[in-house]
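Trainee: Here the sequence shown stands for residues 7 to 189, where the numbers follow my numbering.
Glycine residues also receive a C-beta, built at the ideal position from the N, C-alpha and C atoms.
I have a structure I would like to understand better, so I am pasting it below and will then ask my questions one at a time.
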Amino acid sequence: MKQSILISGSGGQGVLSAGMLLAQSAADSGKYASFLPEYGPEQRGGSAKCTVLTSDKEIISPLPKKCMYWICMNEQSFKKFGTQLKEGGVLVYNSNRVTSPITRTDITAIPVPSDQLADQLGNPKAANIILIGALLAARKAIVDPEHFLKSLEEKFASKSDEIRELNAKAFKIGGDIGKDYAE
């Protein structure tokens with residue numbers, strides 16, 4: 007089954023890193039995966055998004071018309087990319103930065119105060135990992151959470167034990183929120 011995930015936010019929020027990790031963990035688990043980044047010329051603060059596809063079969067086109075899942079990290083992205091989520095889709099959003107009301111009744115919306123939770127962990131850069139944890143706990147068909155944790159561990163293998171443990175904690179915190187929305 008093909009899964010389509012949109013991740014959006016501002017440059018510097020880890021949007022592209024999150025997408026690469028998600029695609030890599032899908033590939034490591036034996037699925038086909040594609041990663042398509044899009045970003046402006048700004049390095050920090052400009053709009054950034056990526057689309058990740060995972061599938062049990064070969065992926066012909068890496069760009070879906072609309073995505074089934076959306077991780078939204080800020081208000082600007084929420085306003086800009088809201089039409090790209092399919093009916094029946096799942097929105098996992100940073101409720102610290104997405105301030106507009108969620109008015110769509112044809113989706114599942116999962117609010118996650120990821121900035122606040124990452125700050126409590128002591129590293130604001132962990133907000134993206136918290137949001138991925140919430141999505142994968144809510145919809146395990148995308149990528150098994152254990153495969154994602156393994157990819158996360160491999161990506162940060164050269165970092166300190168403290169950084170690796172922080173990422174694992176961030177993923178678990180998000181997962182604890184997401185499991186309340188699991189199908």
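Which residues bound the alpha helix (DSSP H) around Ala32?
Mentor: Element bounds for Ala32: 21-34.
Trainee: Under a Cβ-count criterion, where at least 16 other Cβ atoms within 10 Å of its own Cβ denotes burial, should Leu97 be classed as buried or exposed?
Mentor: With 16 or more other Cβ atoms within 10 Å, it is buried.
Trainee: Of the residues Lys8, Val118, Thr60, Leu91, which one's Cα is nearest the Cα of Asn102?
Mentor: Of the listed residues, the one whose Cα sits closest to Asn102 is Val118.
Trainee: Considering Cα atoms alone, identify which of Leu137, Ser31, Asp167 is closest to Gln19.
Mentor: Of the candidates Leu137, Ser31, Asp167, the one whose C-alpha sits nearest the C-alpha of Gln19 is Leu137.
Trainee: Give me the DSSP bridge partner(s) of Pro135.
Mentor: With the sequence shown as reference, residue 135 is identified as Ile, and Pro is not the correct amino acid for it. None; Ile135 has no bridge partner.
Trainee: Assess contact between the region 65-84 and the region 137-150, defined as three or more Cβ pairs (one per stretch) separated by less than 8 Å. Is contact present?
Mentor: Verdict: yes, contact present.
Trainee: Starting from Ile77, trace the beta strand (DSSP E) in both directions and tell me its first and last residue.
Mentor: Its beta strand (DSSP E) spans residues 73-78.
Trainee: For Val21 and Leu27, I'd like the C-alpha separation in whole angstroms.
Mentor: Rounded to the nearest angstrom, the two C-alpha atoms are 10 Å apart.
Trainee: Just to confirm my understanding: we take Ser53, look at its own chain, exclude 5 residues before and 5 after, and list those with CB closer than 6 Å. What are they?
Mentor: So the list reads Gly46, once near-sequence residues are dropped.
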